[in-house]
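Heads up: the sequence shown at position 107 corresponds to 107 in the UniProt record's numbering, and the numbers run straight through without jumps.
From the three backbone atoms N, C-alpha and C, an ideal C-beta is built for every residue, glycine too.
Computed from a predicted structure; not experimentally measured.
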Amino acid sequence: MEDIQLLGEHVLLVPLKDSHLEGLYLAGQFQEIWTYTSAKIRSIEDMKQYIKQALYEKINGTQYPFVIIEKKTNQIIGSTRFLDIDCQQKRLEIGFTWLTPTKWRTPINTECKYLLLKFAFEQLSVNRVQIKTDHENKRSQAAIERLGAKKEGILRNHMIRPNGTIRNTVIYSIIDSEWSDVKLRLEGLLIRQM
């Protein structure tokens, strides 16, 4: 994938760069963001390592990280990415999505997912997009289900959280034959949320 910029009504998704460090750190200074994630950002050094790892995965071709910029303010408000990219099998995952808390329950997450899904299905011609979340993260599960993704099941004892506890992972997907209906659903949601 070349440098990708995805433009919506509310957001611009741009490729993650080292120069985004300060903006991402300011947006991510709220510990409630990191409750259910594998990342724990407590310092600017943590964010520097987060970016370094994401860019390493990009070079390897397994991930493509974005920064989320709110168009109205031109401020960085979070991050998201394609991951587990498998070109041969024509599938990928959307994940590592986080927003600064003032943008929760706004059209921004819906629009980010819409832009990423549209690019995945219409430009990359993937057969499948999956989204995963912590089994305890009910807010995330509700948001994924609102997109129109199908719940496939739970991966038991899937991960070890940074605090040492075991995480089960809920897995969802959208496949290419469902995209046209999901697209209409998301466009309807975005119109109602404006």
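Host beta strand (DSSP E) of residue i (start-end)
i    : result
N157 : 150-160
P15  : 11-15
W34  : That residue, W34, is in no beta strand (DSSP E); it is neither H nor E in DSSP.
R81  : 75-86
W98  : 91-99
T169 : 166-175
Simplified DSSP assignment, three categories, for residue i
i           : result
E136        : coil
Q49         : helix
Q63         : strand
I191        : helix
residue 215 : No answer is possible for residue 215: the residues shown for the chain start at 1 and end at 194.
V182        : helix
E2          : coil
R146        : helix
I41         : coil
Residue i, buried or exposed, once every other Cβ within 10 Å from all chains shown has been counted against 16
i    : result
T165 : exposed
C112 : buried
A142 : exposed
G28  : buried
L16  : buried
Y56  : exposed
E2   : exposed
K103 : buried
I94  : buried
Check whether residue i and residue j have beta carbons under 9 Å apart
i    : j    : result
L147 : L186 : yes
S173 : E152 : yes
I76  : L26  : yes
R128 : I175 : yes
T133 : S125 : no
G109 : L117 : Before going on, a small fix: residue 109 reads as Asn here, not Gly. No; because the gap between Cβ atoms is not below 9 Å, this pair is not in contact.
F119 : K183 : no
A54  : D46  : no
L92  : I51  : no
P101 : Q193 : no
Extent of the continuous alpha helix (DSSP H) to which residue i belongs
i    : result
F119 : 107-122
Y25  : 21-27
Proximity test, residue i beta-carbon vs the ligand ATP heavy atom, cut-off 8 Å
i    : result
G148 : Absence of the ligand ATP is noted for the structure shown, with no ligands found whatsoever.
Touching by the beta-carbon criterion (3+ pairs, under 8 Å), the stretch 74-87 and the stretch 47-66: yes
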